[in-house]
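Step one of this worksheet: look at the structure below.
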Amino acid sequence: MNQRQLTGLCATLSLLLFAPVCLSEVRLPKLLSDHVVLQRDAPIHIWGWADPGEPVNISFTSQKQSTTADELGKWSVYLSPEDSGGPYVLTVQGANTVTVSDVLVGDVWFASGQSNMQMPLRGFPKSAELKNSAEEIANANQPQIRLLRVHDRPSDHPLPDLQDADEVWTTCTPETAADFSAVAYFFGREIQQHEKVPIGLVDDTWGGTPAESWISLDGISANASLMPIFQTWSQMSNTTSDIPALRAIEKRADDAAKQAGLPPPKHPWHPVPASYDPSYLYNGMIAPFVGFRIKGVIWYQGETNSGTSRAPMYSKLFPTLINDCRSKWGEGDFPFLFVQISSFKSNATEIWGIIRDAQRRTLSVANTGMAVTLDVGNPDNVHPADKQTVGHRLALTALDIAYGEHIEDSGPLFREASPQDGQIRVWFDHSEGLSAQGGAPSGFEVAGEDHKFVPATAKIDGQTIVASAPEIKSPKFVRYAWANVPAANLYNRAGLPASTFSSENGVDAGTVR
Numbered sequence: 002m003n004q005r006q007l008t009g010l011c012a013t014l015s016l017l018l019f020a021p022v023c024l025s026e027v028r029l030p031k032l033l034s035d036h037v038v039l040q041r042d043a044p045i046h047i048w049g050w051a052d053p054g055e056p057v058n059i060s061f062t063s064q065k066q067s068t069t070a071d072e073l074g075k076w077s078v079y080l081s082p083e084d085s086g087g088p089y090v091l092t093v094q095g096a097n098t099v100t101v102s103d104v105l106v107g108d109v110w111f112a113s114g115q116s117n118m119q120m121p122l123r124g125f126p127k128s129a130e131l132k133n134s135a136e137e138i139a140n141a142n143q144p145q146i147r148l149l150r151v152h153d154r155p156s157d158h159p160l161p162d163l164q165d166a167d168e169v170w171t172t173c174t175p176e177t178a179a180d181f182s183a184v185a186y187f188f189g190r191e192i193q194q195h196e197k198v199p200i201g202l203v204d205d206t207w208g209g210t211p212a213e214s215w216i217s218l219d220g221i222s223a224n225a226s227l228m229p230i231f232q233t234w235s236q237m238s239n240t241t242s243d244i245p246a247l248r249a250i251e252k253r254a255d256d257a258a259k260q261a262g263l264p265p266p267k268h269p270w271h272p273v274p275a276s277y278d279p280s281y282l283y284n285g286m287i288a289p290f291v292g293f294r295i296k297g298v299i300w301y302q303g304e305t306n307s308g309t310s311r312a313p314m315y316s317k318l319f320p321t322l323i324n325d326c327r328s329k330w331g332e333g334d335f336p337f338l339f340v341q342i343s344s345f346k347s348n349a350t351e352i353w354g355i356i357r358d359a360q361r362r363t364l365s366v367a368n369t370g371m372a373v374t375l376d377v378g379n380p381d382n383v384h385p386a387d388k389q390t391v392g393h394r395l396a397l398t399a400l401d402i403a404y405g406e407h408i409e410d411s412g413p414l415f416r417e418a419s420p421q422d423g424q425i426r427v428w429f430d431h432s433e434g435l436s437a438q439g440g441a442p443s444g445f446e447v448a449g450e451d452h453k454f455v456p457a458t459a460k461i462d463g464q465t466i467v468a469s470a471p472e473i474k475s476p477k478f479v480r481y482a483w484a485n486v487p488a489a490n491l492y493n494r495a496g497l498p499a500s501t502f503s504s505e506n507g508v509d510a511g512t513v514r
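Using the numbering used here, read the sequence shown as starting at 2 and increasing by one per residue.
This is how it looks when you write it as structure tokens:
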């Protein structure tokens, strides 16, 4: 970027920053739009903006409340909980009247993460197909499911609202579902069919993004062990890569070139995209939803954190993300359900086993659940086609954890390991009907005191595994499905696959279920 370009950009930003702001009309946040789903059986938070001191009247179903905008023009009320139902009308009246129509009351699920959660029903046409895409889209007439897609938006400060006019709720149809998160859709469809209540799904995703981008600044700063994250990115960033206005200009140039059939113009080099910066996606894409009541979160991310220099930090980073999310919403320990990353023939600088095991260990955080997907990956494509199974397994965890159905929602999860006479025995939770598909159990490795793992022979003994290797006379540690593309074949009676695990690093956190 030359001096003239920078001067022009600064002038444009100055006009935007110092333009007079008029609050004379009562305004709601964009997420409180027509077709919205409000969370059932919980206080309903309605908020917005108006002139300072302006009286505001709110009515919904048989409820009526009044408040006054504060000195900054903000106002907020909480309505009493409602049972599932609708459609209703929400009316907000001040100097003007705002009407929100076709409002349903049900369960709201917030879907976030990177590209495997982002992958829509139409797939990624140039790189990854979705299984049965055309059929799934054609059958996506689901009037009791409502969808909200959030645009990619990094920000260096928390935003109070979504920014674009089309970031609003829509009814689920083939047209609206085609570009919506497939995992979230399959999850929501199964929950709606089972619970028979309206379902609201928020698609708040961005491909290729690391976990630290989705955590608030104070959430990361409160954990001293995560400080190296800031050192890493400060060394790699430059000043212009984080200016959203510049990126918007570049995007418009790219779009114009595409429409004209021309190659995209060259842009200034930005070593690190703003979407990678710690907290930037929390600020731009999560913060606008804080205060909007939800049933829970579904999350699919981790591939971008699998590099050898960053993967070991994920065991601290991921629980921090969950706790930060819950702290910001202030709704207690709502269900946080996540997908364990699958299998992919990545390069040698990425260790997917570390990420998968860190995700498993995160089950020690209360009210969490994990969907294992080792068996539905694609070694040659980081975006597997089978998102139906992923959505189904997430739905199983939701039915058990969020809806109290007490069903088997997990494959075998490592509990403990004990050396025994030149072998090592492994106990699991969720291990009834332990079996190996296609023969003997595979994917096991053992190590001695030197922590050097070698392939092991394993056999099933009741609800345990006994593993050994002739070159390890006294095995001390055992692990399973550690490779990026592991030969994993262990299941339980429910047909759910066992999770990656390692018994290293002292006493294992285990699970809370």
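Yeah, the Cβ is synthetic: ideal placement off N, Cα and C, and Gly gets one too.
Can you tell me whether DSSP reads Trp215 as helix, strand or coil? Locating residue 215 in the sequence shown gives position 214, where the first residue counts as 1. Looking at Trp215 - three-state DSSP - the assignment turns out to be helix.
Check each candidate in Asn133, Ala441 and Gln40 and name the one with the smallest Cα separation from Pro82. Within the sequence shown, residue 82 is the residue found at index 81, counting from 1. Nearest C-alpha to Pro82: Gln40.
Could you check what DSSP says for Lys65 in three-state terms: helix, strand or coil? Counting from 1 along the sequence shown, the entry for residue 65 is found at position 64. It is a strand residue.
Helix, strand or coil for Val109? Go by DSSP, reduced to three states. Working through the sequence shown from its first residue, we reach residue 109 at position 108. Looking at Val109 - three-state DSSP - the assignment turns out to be strand.
Within the same chain, show all residues whose beta-carbon is closer than 7 Å to that of Ser34, passing over the 5 residues directly before and after it, in chain order. What you label residue 34 is simply residue 33 of the sequence shown in a count that begins at 1. These residues qualify, in order along the chain: Val101, Val169 and Trp170.
Please report the straight-line C-alpha distance between Ser222 and Phe319, rounded to a whole angstrom. The residue given as residue 222 occupies position 221 in the sequence shown. The residue given as residue 319 occupies position 318 in the sequence shown. Computed Cα separation, rounded: 14 Å.
Using CA atoms only, rank isn't needed, just tell me which of Arg426, Lys460 and Asp451 is closest to Ala437. Walking along the sequence shown from the start, residue 437 turns up at place 436. Of the candidates Arg426, Lys460 and Asp451, the one whose C-alpha sits nearest the C-alpha of Ala437 is Lys460.
Does the structure place the segment 367-385 close enough to the segment 331-339 that three or more beta carbon pairs sit under 8 Å? Contact between the segment 331-339 and the segment 367-385 is present, because at least three Cβ pairs lie under 8 Å.
Starting from Ser116, trace the beta strand (DSSP E) both ways and give me its first and last residue. As a working mapping, residue 116 is identified with position 115 in the sequence shown. Under the DSSP assignment, Ser116 falls outside any beta strand (DSSP E), being part of the alpha helix (DSSP H) whose first and last residues are Ser116 to Gln119.
Quick one: complete beta strand (DSSP E) runs, 3+ long, within the segment 375-421? With a minimum length of 3 residues, the unbroken runs of beta strand (DSSP E) contained wholly in the segment 375-421 fall at 414-421.
Given a threshold of 16 other Cβ atoms within 10 Å of its Cβ, counted over all protein chains shown, does Lys127 qualify as buried or as exposed? Looking up residue 127 in the sequence shown gives position 126. Result: exposed.
CB-CB under 6 Å to Trp270, same chain, minus the five flanking residues each way: which ones, in chain order? Locating residue 270 in the sequence shown gives position 269, counting from the first residue. Confidence at Trp270 is low in this model, with a pLDDT of 40, below 50, so the placement of that residue is unreliable and no value is reported for it.
Beta-carbon proximity of Asn493 to Pro413, cut-off 7 Å: As a working mapping, residue 493 is identified with position 492 in the sequence shown. As a working mapping, residue 413 is identified with position 412 in the sequence shown. Against a cut-off of 7 Å, the Cβ pair of Pro413 and Asn493 comes out as a contact.
So, for Ala249: in the same chain, excluding its five sequence neighbours on each side, which residues have a beta-carbon less than 6 Å away from its beta-carbon? Counted from its first residue, the sequence shown places residue 249 at position 248. Confidence in Ala249 is poor, its pLDDT being 45 and thus under 50, which makes the residue's placement unreliable; the coordinate value appears in the next sentence. Excluding residues within five positions, none has a Cβ falling inside 6 Å.
Leaving out five residues on either side along the sequence, give the residues of the same chain with a beta carbon under 7 Å from the beta carbon of Phe502. On the sequence shown, position 501 is the one that residue 502 refers to. Closer than 7 Å at the Cβ level, and outside the excluded window around Phe502, lie Asp358, Arg361, Phe415, Arg480 and Tyr481.
Use the C-beta contact count for Phe19: other C-beta atoms within 10 angstroms, 16 or more gives buried, fewer gives exposed. For the purposes of this step, residue 19 is taken as the residue at position 18 of the sequence shown. Interpretation of Phe19 is limited by its pLDDT of 39, a score under 50 that renders its predicted location unreliable; no figure is taken from the coordinates.
Could you tell me if Leu16 is buried or exposed, where buried requires 16 or more neighbouring beta carbons within 10 angstroms of its beta carbon? One-based indexing of the sequence shown puts residue 16 at position 15. Any reading at Leu16 must be qualified, since the residue scores a pLDDT of 37, below 50, and its modelled position is unreliable; the value itself is stated next. That one is exposed.
Starting from Tyr315, follow the alpha helix (DSSP H) in both directions and report where the run begins and ends. Counted from its first residue, the sequence shown places residue 315 at position 314. Tyr315 -> alpha helix (DSSP H) spans Tyr315 to Trp330.
Which value, in whole angstroms, describes the spacing of the CA atoms of Leu32 and His407? Residue mapping note: residue 32 aligns to position 31 of the sequence shown, counting from 1. Residue mapping note: residue 407 aligns to position 406 of the sequence shown, counting from 1. In a straight line, the C-alpha of Leu32 is about 33 Å away from that of His407.
Taking 7 Å as the limit between beta carbons, can you name the residues of its chain near Ser316, skipping five residues before and five after? Locating residue 316 in the sequence shown gives position 315, where the first residue counts as 1. Here the set comprises Ala359 and Arg362.
CA-CA distance, Lys75 and Ser60? Counting from one through the sequence shown, the residue named residue 75 turns up at place 74. Counting from one through the sequence shown, the residue named residue 60 turns up at place 59. Cα to Cα, Lys75 sits roughly 18 Å from Ser60.
Going by beta-carbon coordinates alone, are Tyr283 and Ser182 separated by less than 7 Å? Numbered from 1 along the sequence shown, position 282 holds the residue referred to as residue 283. Numbered from 1 along the sequence shown, position 181 holds the residue referred to as residue 182. In this structure, Ser182 does not lie closer than 7 Å to Tyr283 by Cβ.
Classify Thr305 as buried or exposed, calling it buried when 16 or more other Cβ atoms lie within 10 Å of its own Cβ. Taking the sequence shown and counting its residues from 1, the one referred to as residue 305 is at position 304. Using a 10 angstroms sphere on the CB of Thr305, the tally of other CB atoms reaches 16 or more, which defines it as buried.
I need the DSSP call for Ile287, collapsed to helix, strand or coil. Numbered from 1 along the sequence shown, position 286 holds the residue referred to as residue 287. Helix.
In or out: His228 buried (at least 16 other Cβ within 10 Å) or exposed? Residue 228 sits at position 227 when you count from the first residue of the sequence shown. With the sequence shown as reference, residue 228 is identified as Met, and His is not the correct amino acid for it. Met228 should be labelled exposed.
With DSSP as the reference, identify every bridge partner of Arg480, one or two as the case may be. Indexing the sequence shown from 1 puts residue 480 at position 479. DSSP, once it has assigned bridges, lists Glu446 and Ser503 as partnering Arg480.
For Leu148, the three-state DSSP class (helix, strand or coil): Your numbering for residue 148 matches position 147 in the sequence shown. If DSSP states are grouped into helix, strand and coil, Leu148 belongs with the strands.
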